[in-house]
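*Asks:* Below is a structure I'd like to ask you about.
In the numbering used here, the protein residues as written are 2 to 716.
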């Protein structure tokens, strides 16, 4: 890092918006600095604030913004050098006289005129103070001395200097804080500033080194994107030329066909280049933010006072942690185009001219540094890093006609799937979820194909359908009614057949059931959290046995391969896998603090265990051995956000669906884990979805609060 004098002459002291010395500087979450005036005026897109330098979103109000003590202190040193002669004597001001200052007492931080400077050196308390003339200050030789004597006022008690650090509150405190607010800090972890500041400085230095290591890889991937964008354009030029040559051979007869192909080619490439340009812009913003953040953090760690470091360390750690674990949105595939010319007799012209076929094919790992052992993928995996570890291959679209003549084949070769920065939690399924070999063709809008009430003649209370399972052989619907304490069976037309587990049915009666699953078309397993057990019934509803295990509040349940089933226990905050024949515990999947309130569980055809965490709220994903491999979703009502995640299911295409109860919608995630669409929402008449399942026909079945069952065709 540069010397303090060089630092004072750098752009670090400037507001990132107005490019002036920052007045009352404010440190943003992205580690850029604005003056207070620019911070208040940086609202963009309505009420949304964002950093004018890197477009990082801001959610702070002016009152919540944290003052940048570090830059404010450096600015005061710089102003002493450059504008000290413009100051008036602080002592003469007390006598209501305006006398030009001649120097600065570094110990008192007071400006003094010549007379007061002389008097200052004659008193017993101040005669050893360092009084410097403005000429001496301008040389910069006293900068370090000024920094050593700078003090910081307590935010709550302006006349008191901070003297301790409360780690519990993450707050610098003064003598008044400890005396007047004794009860508040009495049981807190309070440290001396020197002690904790030194530890924090060391911690930040390690984080800075880790973040700075990302910059070369970002640069490398940026070069890859730039080269790829150019190659796509070169491909467009080459294919366009071939199309033009073929069109010249066929003259005016083929003009219409030629124009159609060129239009399709140009639109595809334009879409691809626009997407790459957008990703490059975002990558540039991230890189700029990391570089500027590291410059500031390095400056703070190298030259900051302990008080300054402690005052700003929570912001720095938050932002540096974001840098360490950030994931950059990359391209999902590499576009290529090949034109295959045909022969040209007039009678065969529509066939022989050719057509444009669009398809995506897997990208070879050696084609990009982001997937090689020397490149982005390995480097990111080694550092806990920026890019997702999985390499996906998704066929996005293909031609629907075959031609005997030439064609233009455009292919995207899939690169490592990467995620956007600042999303909170990744909206993707990680390694272990195999992508589609053929795309799932989704309907533009789901079609309601069946609707019925999950009523029975024995109901005594409102219906609360928390569980749903469907037989693959008969197509019968099994609905668990929590409040009527039974499992109801309906045929594939929604006609009532029977119910079982009702109160008064002996050992098979249910007390507090919640969810159910069908195991290999021979057992119906029901969670009962009051009995702290799993009850097993035949497909005809005959009670068979009760499985007892390490259960405290079993909720969600799902069948697994190998005659096993998995149970989510919300009180134990864990998953347990059991043998389907004996109910014996096979293994425990502990959350290690990750679960907040696990509700439902599903198992995909690729053996990924998907759990809805109701209070988090998000999805958590585990491999078959129980290793956490990813998370998806965050709180809210955006595309990748949920308010109350309930049921979860996976279809034969590897897509995952999640019931978003309070938002009245079903999320659909593709086989690569990315958000695809809301497959059903309140605009389709959906109301408080609870449990979901997939029918043998591939339809989506949903239970609603108070008892309706709706079945939608979505593919």
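Each residue gets a CB set at the ideal place from its N, CA and C atoms; glycine is no exception. Source: prediction; values computed, not measured.
(1) Can you list the alpha helix (DSSP H) stretches of 4 or more residues lying completely in the stretch 241-317, in chain order?
(2) Considering only DSSP beta bridges, list what residue 499 is partnered with.
(3) Beta-carbon within less than 8 Å of residue 442's beta-carbon, same chain only, minus the 5 sequence neighbours each way: which residues are those?
(4) Would you list the residues sitting across from residue 457 in a DSSP beta bridge?
(5) On the criterion of 16 or more Cβ atoms from any shown chain inside 10 Å, does residue 135 qualify as buried, or is it exposed?
(6) State yes or no: is the C-beta of residue 588 within less than 9 Å of the C-beta of residue 542?
(7) Here's the rule: buried if 16 or more other CB atoms are within 10 angstroms of the residue's CB, otherwise exposed. What is residue 30?
(8) Please return the same chain residues whose Cβ sits closer than 7 Å to the Cβ of residue 663, not counting the five positions on each side in sequence.
(9) On a Cα-Cα basis, can you pick out the residue from 596, 102, 555, 8 that is closest to residue 579?
(10) For residue 450, which of 178, 20, 700 has the nearest alpha-carbon?
(11) Enumerated in chain order, which unbroken segments of the beta strand (DSSP E) with a length of 3 residues or greater are wholly contained in the stretch 163-216?
(12) What's the gap between the Cα of residue 143 and the Cα of residue 51?
(13) Work out the CA separation of residue 601 and residue 312 for me, nearest whole Å.
(14) Classify residue 381 as buried or exposed, calling it buried when 16 or more other Cβ atoms lie within 10 Å of its own Cβ.
(15) I need the boundaries of the beta strand (DSSP E) containing residue 606, first residue and last residue.
(16) Roughly how many whole angstroms lie between the Cα atoms of residue 420 and residue 331?
(17) Smallest Cα separation from residue 218: which of 328, 188, 202, 474?
(18) Within this structure, are the beta carbons of residue 113 and residue 81 separated by less than 9 Å?
(19) Please go through the same chain and pick out, in chain order, the residues whose beta-carbon is closer than 6 Å to the beta-carbon of residue 720, but skip the five residues on each side of it.
(20) Give the straight-line distance between the Cα atoms of residue 630 and residue 612, rounded to the nearest whole angstrom.
(21) Count the other CB atoms, across all protein chains shown, that sit within 10 Å of the CB of residue 371; report buried if there are 16 or more and exposed otherwise.
(22) Within 10 Å of its beta-carbon, does residue 129 have 16 or more other beta-carbons around it, so buried, or fewer, so exposed?
(23) In terms of alpha-carbon separation, which member of 624, 654, 482, 614 lies closest to residue 642?
(24) Going by Cα to Cα distance, which pick from 658, 702, 695 is closest to residue 678?
(25) DSSP state of residue 668, grouped into three classes?
(26) Reducing DSSP to helix, strand and coil, say where residue 425 ends up.
(27) Helix, strand or coil: which one does DSSP assign to residue 675?
(28) Taking only the alpha-carbon atoms, compute the straight-line gap between residue 553 and residue 714 and give it to the nearest angstrom.
(29) Can you give me the Cβ contacts of residue 565 inside the same chain, cut-off strictly under 7 Å, excluding the 5 residues immediately before and after it?
(30) Select from 661, 8, 106, 562 the residue whose C-alpha is nearest the C-alpha of residue 127.
(31) On the DSSP bridge assignment, give the partners of residue 710 in chain order.
(32) Assess, as a yes-or-no matter, whether the stretch 271-280 is touched by the stretch 291-298 under the definition of 3 or more beta carbon pairs within less than 8 Å.
(33) Mind checking whether residue 610 and residue 596 have CB atoms under 9 Å apart?
(34) Look at residue 73 and residue 17 and say whether their C-beta atoms are less than 9 Å apart.
(35) Rounded to the nearest angstrom, what separates residue 568 and residue 632 at their Cα positions?
(36) Using C-beta distances below 8 Å, list every residue in its chain close to residue 508, excluding the 5 sequence neighbours before and after it, in chain order.
*Replies:* This is what the structure holds:
(1) 256-304
(2) What you label residue 499 is simply residue 498 of the chain shown in a count that begins at 1. Residue pairing for residue 499: DSSP places it in a beta bridge opposite 490.
(3) Along the chain shown, read from residue 1 onward, the residue named residue 442 stands at position 441. Take residue 442, set aside five residues on each side of it, and the residues of its chain with a beta-carbon closer than 8 Å to its own are 716, in chain order.
(4) Here residue 457 refers to the residue found at position 456 when the chain shown is read from its first residue. Beta-bridge pairing links residue 457 to no other residue.
(5) As a working mapping, residue 135 is identified with position 134 in the chain shown. Around the Cβ of residue 135, a 10 Å sphere holds 16 or more other Cβ atoms; the residue is buried.
(6) The residue labelled residue 588 in the question sits at position 587 within the chain shown. The residue labelled residue 542 in the question sits at position 541 within the chain shown. No, they are not a contact pair.
(7) Within the chain shown, the letter at position 29 stands for residue 30. Classification of residue 30: buried, given that the 10 Å Cβ count is 16 or more.
(8) Against the chain shown, residue 663 aligns to sequence position 662. Answer for residue 663: 644, 645, listed in chain order.
(9) Position 578 of the chain shown, counting from 1, holds the residue named residue 579. Selected option, being the one with the closest Cα: 555.
(10) Numbered from its first residue, the chain shown carries residue 450 at position 449. For the residues 178, 20, 700, the minimum Cα distance to residue 450 belongs to 700.
(11) 163-167, 172-175, 191-193
(12) Numbered from 1 along the chain shown, position 142 holds the residue referred to as residue 143. Numbered from 1 along the chain shown, position 50 holds the residue referred to as residue 51. Going from the Cα of residue 143 to the Cα of residue 51 covers about 38 Å.
(13) Taking the chain shown and counting its residues from 1, the one referred to as residue 312 is at position 311. Taking the chain shown and counting its residues from 1, the one referred to as residue 601 is at position 600. If you take the alpha carbons of residue 312 and residue 601, they lie about 42 Å apart.
(14) Position 380 of the chain shown, counted from the first residue, corresponds to residue 381. Reliability of the predicted coordinates at residue 381 is poor, the pLDDT of 33 falling under 50, and the value obtained from them is presented with this limitation in mind. Its Cβ being crowded by 16 or more others within 10 Å, residue 381 is buried.
(15) As a working mapping, residue 606 is identified with position 605 in the chain shown. Per DSSP, residue 606 is not a residue of any beta strand (DSSP E), being assigned neither H nor E.
(16) Within the chain shown, numbered from 1, the residue matching residue 420 stands at position 419. Within the chain shown, numbered from 1, the residue matching residue 331 stands at position 330. Bear in mind that a pLDDT of 32 at residue 420, under 50, signals an unreliable position, so the model cannot answer this.
(17) Within the chain shown, numbered from 1, the residue matching residue 218 stands at position 217. Comparing Cα-Cα distances from residue 218 to each of 328, 188, 202, 474, the minimum goes to 328.
(18) On the chain shown, position 112 is the one that residue 113 refers to. On the chain shown, position 80 is the one that residue 81 refers to. No. Outside cutoff.
(19) The structure shown does not extend to residue 720, since the chain is modelled only from 2 to 716, so the question has no answer here.
(20) Here the question's residue 630 lines up with position 629 in the chain shown. Here the question's residue 612 lines up with position 611 in the chain shown. Between residue 630 and residue 612, the C-alpha separation is close to 12 Å.
(21) Walking along the chain shown from the start, residue 371 turns up at place 370. Per-residue confidence for residue 371 stands at a pLDDT of 39, beneath the threshold of 50, marking its modelled position as unreliable; no derived number is given.
(22) As a first step, residue 129 is located in the chain shown; it is residue number 128 there, counting from the start. It is exposed - the Cβ of residue 129 has fewer than 16 other Cβ atoms within 10 Å.
(23) Here residue 642 corresponds to residue number 641 of the chain shown, with the count starting at 1. Minimum Cα distance to residue 642 is reached at 614.
(24) The count along the chain shown starts at 1 and reaches residue 678 at position 677. Selected option, being the one with the closest Cα: 658.
(25) Taking the first residue of the chain shown as 1, we reach residue 668 at position 667. If DSSP states are grouped into helix, strand and coil, residue 668 belongs with the strands.
(26) Along the chain shown, one-based indexing puts residue 425 at 424. With a pLDDT of 33 at residue 425, under the threshold of 50, the modelled position of this residue cannot be trusted, and the question is left open.
(27) In the chain shown, the residue the question calls residue 675 occupies position 674. Residue 675: coil per DSSP, three-state reduction.
(28) Translated into positions along the chain shown, residue 553 becomes position 552. Translated into positions along the chain shown, residue 714 becomes position 713. When rounded, the distance between both Cα atoms is 38 Å.
(29) Numbered from its first residue, the chain shown carries residue 565 at position 564. Same-chain partners within the cutoff: 578, 579, 580, 581, 587.
(30) For this step, residue 127 is matched to residue 126 along the chain shown. Considering only alpha carbons, the answer is 106.
(31) Taking the first residue of the chain shown as position 1, residue 710 is located at position 709. Paired residue(s): 453, 704.
(32) no
(33) Counting from 1 along the chain shown, the entry for residue 610 is found at position 609. Counting from 1 along the chain shown, the entry for residue 596 is found at position 595. Contact flag unset, no.
(34) Translated into the one-based positions of the chain shown, residue 73 becomes position 72. Translated into the one-based positions of the chain shown, residue 17 becomes position 16. In this structure, residue 73 keeps its C-beta atom at 9 Å or more from the C-beta atom of residue 17.
(35) The residue you call residue 568 lines up with position 567 of the chain shown. The residue you call residue 632 lines up with position 631 of the chain shown. Approximately 19 Å between the Cα atoms of the pair.
(36) Mapped onto the chain shown, residue 508 falls at position 507. Around residue 508: 544, 547.
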